[in-house]
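Residue numbers (UniProt numbering): 1 to 345.
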């Protein structure tokens, strides 16, 4: 680190907020949790007491007026993010937001364009891109070690108890933008796009199973055709008790790769098998927060370094649009029963 710590305000003190605070504390002084803001002042004060005593802010105006803040981290539900981002764009306060950017691809695109017009850095917490095994696979693909990718398989066999959806608004389109696709599978779908490039079109089915009382889908299956010519399949679910690691399988002309959470197996023609990393908690079971803070820490530290050095963050808001465009196409296909083109995010 060079220079003073970057001061962040954390907005939204729900389920993921403690993980953010822990991740910030693990940046070794690169980032300081300077302030927190939540709708419930008593809860905000209790949160601050647990995490080193950051200031408790009481209004959006107070955040906007504080010129000591270097950036904001948004951990609110998706339906609440737009007012903060548009206000901070006018103020010139960079924003790092939880996924998804917004409930729909149209809303997300508008937020990205607002920040770009203001020259404001906007980052997205698609932290699975920072997993060491995912970075290793991205590097191997860039070197062409698997040859031309021909087929792709993605599985997200997760589980959520009904109590998860009993929280008001959870699993609704009005608050979250949908169900398993935009809330859970978005990370794996985003990784798949990083590895394989854009999808051309999809044929899909979504369902709300008898295992949950919720508005949006808890199960999705889709067939994909990539613009590269590869074909693939997706299964995303929160009906798979007790929940397992998400998996991406790539089959290429020179070998295959199997990525399960942070464990990567590579089989190349004529070479010994390679194993990188190990299975780790993913939040795929009854406890959604049963995973390491390391990947959030990596995204937050990179965002702070990008601001310090005047470069783009590793995970920009614009780079988060393609996965929302893919999710939108899957949902359209499920509604219409027809193959749908994926419109660029």
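C-beta: ideal position from N, C-alpha, C; glycine also.
Item                                                                                                                                                                                             : Value
Once the 5 residues before and after residue 185 are set aside, which same chain residues still bring their CB inside 6 angstroms of it?                                                         : 156, 236
Buried or exposed: which applies to residue 270, given that a residue is buried once 16 or more other Cβ atoms fall within 10 Å of its Cβ?                                                       : exposed
Can you confirm whether residue 22, when its beta carbon is compared against all beta carbons of chain B, has any partner nearer than 8 angstroms?                                               : The chain inventory of the structure shown lacks chain B, comprising one protein chain alone.
Please determine if the stretch 317 to 334 and the stretch 278 to 298 are in contact, where contact requires at least 3 C-beta pairs separated by less than 8 angstroms.                         : no
Starting from residue 153, follow its DSSP beta bridges and name the residues at the other end.                                                                                                  : 233, 249
Report buried or exposed for residue 180, applying the criterion of at least 16 other Cβ atoms within 10 angstroms of its Cβ.                                                                    : buried
Whose CA, out of 50, 195, 42, lies closest to the CA of residue 143?                                                                                                                             : 195
Short of 7 angstroms in beta carbon distance, which residues of its chain neighbour residue 20, apart from the five on each side in sequence? Order them along the chain.                        : 10, 73, 75, 296
Answer with buried or exposed for residue 319, where buried requires no fewer than 16 other C-beta atoms within 10 angstroms of its C-beta.                                                      : buried
May I have the straight-line CA-CA distance separating residue 294 from residue 158, to the nearest angstrom?                                                                                    : 21 angstroms
Kindly list the residues whose CB is nearer than 7 angstroms to the CB of residue 421, restricted to its own chain and excluding five residues on each side of it in sequence; keep chain order. : Outside the displayed range of the chain (1 to 345) lies residue 421, so it cannot be described from this structure.
Can you check which of these residues, 303, 153, 167, 312, is closest to residue 215 by C-alpha distance?                                                                                        : 167
Between 154, 129, 103, which has its C-alpha nearest residue 244's C-alpha?                                                                                                                      : 154
Tell me the rounded alpha-carbon separation between residue 207 and residue 218.                                                                                                                 : 6 angstroms
Return the chain-ordered list of same chain residues with a C-beta closer than 7 angstroms to the C-beta of residue 48, the five sequence neighbours on each side being excluded.                : 36, 54, 56
Quick check: the Cα distance between residue 134 and residue 146, rounded to an integer number of angstroms?                                                                                     : 15 angstroms
From residue 39 to residue 12, what distance separates their C-alpha atoms?                                                                                                                      : 8 angstroms
Ignore the nearest five residues each way along the sequence and tell me which others in residue 205's own chain have a CB closer than 6 angstroms to its CB.                                    : 221, 334
Count Cβ pairs between the stretch 247 to 259 and the stretch 74 to 91 that sit closer than 8 angstroms; are there 3 or more?                                                                    : no
Under the assumption that residue 307 contacts residue 70 (Cβ atoms under 8 angstroms), give the Cβ distance between them as a whole number of angstroms.                                        : 6 angstroms
Specify the secondary structure class of residue 1 as computed by DSSP and reduced to three states.                                                                                              : Low confidence applies to residue 1: its pLDDT is 49, below 50, so where it sits in the model is not reliable enough to give any reading.
By the three-class DSSP mapping on this structure, what secondary structure does residue 238 have?                                                                                               : coil
By Cβ distance, which residues of its chain are closer than 8 angstroms to residue 233, with the 5 residues on each side in sequence left out?                                                   : 152, 153, 154, 221, 222, 223, 224
Provide the residue span of the alpha helix (DSSP H) that contains residue 294, from first to last.                                                                                              : 294 to 309
Which value, in whole angstroms, describes the spacing of the CA atoms of residue 132 and residue 116?                                                                                           : 30 angstroms
In chain order, what residues of the same chain have a beta carbon less than 6 angstroms from the beta carbon of residue 125, not counting five sequence neighbours either side?                 : 98, 99, 299
On the criterion of 16 or more Cβ atoms from any shown chain inside 10 Å, does residue 178 qualify as buried, or is it exposed?                                                                  : buried
Can you list, in chain order, the residues of its chain with a C-beta nearer than 8 angstroms to that of residue 118? Leave out the 5 residues immediately preceding and following it.           : 89, 90, 92
Looking only at its chain, what residues have a beta carbon closer than 8 angstroms to the beta carbon of residue 273, apart from the 5 residues adjacent to it on each side?                    : 265, 266, 267
For residue 310, is the classification buried or exposed, using 16 other Cβ atoms within 10 angstroms of its Cβ as the cut-off for buried?                                                       : exposed
Can you tell me the Cα-Cα spacing of residue 62 and residue 24, whole angstroms?                                                                                                                 : 22 angstroms
Does the distance from the C-beta atom of residue 112 to that of residue 328 stay below 8 angstroms?                                                                                             : no
Can the beta-carbon of residue 346 be found less than 8 angstroms from the beta-carbon of residue 68?                                                                                            : This structure leaves residue 346 out entirely; the chain is present only between 1 and 345.
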